[in-house]
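In full-length UniProt numbering, the protein residues as written are 1 to 374. Remarks on the structure that follows.
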């Protein structure tokens with residue numbers, strides 16, 4: 001999976017036209033010997049409507065994830081009806097640019113249409129009916145991109161936030177505790193060569209870590225291979241600590257799986273939620289005290305963001321033997337979901353490129369970590 005060709009460090013130069021010049025070291029080149037560096041794409045970028053972002057993606061990244069267009073609701077909105085055009089364009093973009101393409105996500109309790117779990121009368125379907133629908137969906141979607149999409153988030157966010165138990169969802173309620181095994185089995189059958197992942201947020205928390213370890217061990221006991229665990233990196237400026245992140249990274253690697261950081265961003269804004277994470281169901285009403293940088297990010301906060309990214313990528317570089325991929329959740333600050341979560345309309349600054357497609361100070365700090373000898 002990793003490119004082991006010798007890394008040639010290019011001379012650092014200035015910036016022009018809002019992009020990193022070709023003579024400038026890029027993210028994908030800086031970490032070429034270590035792991036893929038990627039981003040999540042929206043359809044405007046894939047279709048070329050956001051040409052500046054598209055160019056930035058081509059320059060900086062060698063793996064891509066689809067932000068929404070391969071989730072069940074967008075790609076399979078009605079029984080027997082699929083909407084493959086956006087996904088086809090996404091995969092074609094990745095192929096044209098020789099990128100490692102990720103599929104996200106096959107089984108999730110969010111963004112799955114109600115009809116999946118109900119009969120024509122609106123009552124819950126039987127286990128047999130739901131299994132048939134799940135297999136048909138996975139077989140159709142994964143099968144369509146067999147040999148093109150290299151890795152799939154098979155199961156997303158199936159562990160409860162508080163206790164680390166299986167999350168109470170329609171999948172668990174109707175199928176029982178083997179719902180995860182069935183999803184992985186169907187995905188492997190549809191494309192035996194694809195890498196298969198479990199993906200979740202707040203995995204630095206001991207309760208969730210133990211829940212994921214229990215889940216993965218149960219799959220392994222059935223002979224089901226989990227290629228990697230995706231740790232969603234929705235972090236803040238100070239929490240979680242590097243030690244907390246590292247503890248889970250090391251614990252997961254002891255399962256014999258690799259670890260990907262799949263949705264990396266750093267929220268610099270005050271958060272009304274008492275929890276760190278990415279529970280999209282948890283939203284709040286607009287309140288100006290949680291949207292404090294509408295005129296721009298103060299230099300003091302910019303420096304904290306820069307140091308935070310440097311520390312996190314130093315950790316990634318340290319554990320590059322078990323990390324295959326780092327994916328930032330968005331290209332520029334303007335693209336980030338954090339502008340609208342947990343409060344809509346905020347001005348957020350969580351990524352490495354600003355709203356003018358310019359690299360932020362954190363970008364150079366990240367590049368520098370690749371050069372540090374550990």
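Using N, Cα and C, we set each Cβ at its ideal position, and we do this for glycine too. This one's a predicted model, so the numbers in the text were calculated from it and none came from an experiment.
Fill in: Simplified DSSP state of residue 242, which is helix, strand or coil
helix
Discussion item. Our contact map puts residue 93 next to residue 46 with C-beta atoms below 8 Å; I'd like the distance itself, whole angstroms only.
Written reply: 5 Å
Discussion item. Quick test of your reading: residue 67 and residue 106, contact by CB under 8 Å. State the CB separation rounded to the nearest angstrom.
Written reply: Actually they do not touch by this definition, with Cβ atoms about 16 Å apart.
Discussion item. Whether or not the stretch 166-186 and the stretch 206-219 are in contact is what I'm after, with contact meaning three or more pairs of Cβ atoms, one per stretch, closer than 8 Å; do they touch?
Written reply: yes
Worksheet item: To which residues of the same chain is residue 208 closer than 6 Å at the C-beta, ignoring the five residues directly before and after it?
Response: 159, 164 and 202
Discussion item. Going by DSSP in three states, residue 21 sits in which element: helix, strand or coil?
Written reply: Note that residue 21 scores 45 on pLDDT, short of 50, meaning its location in the model is unreliable and no value can be drawn from it.
Worksheet item: What number of angstroms, rounded off, separates the C-alpha of residue 365 from the C-alpha of residue 145?
Response: 36 Å
Practice prompt. Out of 303, 320, 266 and 310, state which residue places its alpha-carbon closest to the alpha-carbon of residue 348.
Written response: 266
Discussion item. Quick test of the definition: if touching needs 3 or more C-beta pairs under 8 Å, does the stretch 312-321 touch the stretch 28-37?
Written reply: yes
Worksheet item: In this structure, what does DSSP give as the bridge partners for residue 199?
Response: 156 and 230
Worksheet entry | Secondary structure of residue 100, DSSP reduced to three states | strand
Fill in: Stretch pair the stretch 72-83 + the stretch 51-60: three plus CB contacts closer than 8 Å
no
Worksheet item: Touch check for the stretch 99-117 and the stretch 286-301: three-plus C-beta pairs under 8 Å?
Response: no
Item to complete: Starting from the C-beta of residue 128, find all residues in its chain whose C-beta is less than 6 Å away, skip the five residues before and the five after it, and write them out in chain order.
Response: none
Worksheet entry | 6 Å CB neighbourhood of residue 376 in its chain, flanking five on each side removed | Outside the displayed span of the chain (1 to 374) sits residue 376, for which this structure offers no information.
Worksheet item: Given that a residue counts as buried once 16 or more other Cβ atoms are within 10 Å of its Cβ, and exposed if not, what is residue 9?
Response: Residue placement at residue 9 is poorly supported in this model, since its pLDDT is 28, which falls under 50; the coordinates still yield a value, given next. Result: exposed.
Discussion item. Please state whether the Cβ-Cβ distance between residue 260 and residue 197 is less than 8 Å.
Written reply: yes
Practice prompt. Taking only the alpha-carbon atoms, compute the straight-line gap between residue 188 and residue 143 and give it to the nearest angstrom.
Written response: 10 Å
Fill in: Best match in 133, 357, 27 and 350 for proximity to residue 338 [C-alpha to C-alpha]
350
Practice prompt. Would you kindly check if the distance between the Cβ of residue 56 and the Cβ of residue 353 is under 8 Å?
Written response: yes
Worksheet item: What's the gap between the Cα of residue 38 and the Cα of residue 121?
Response: 43 Å
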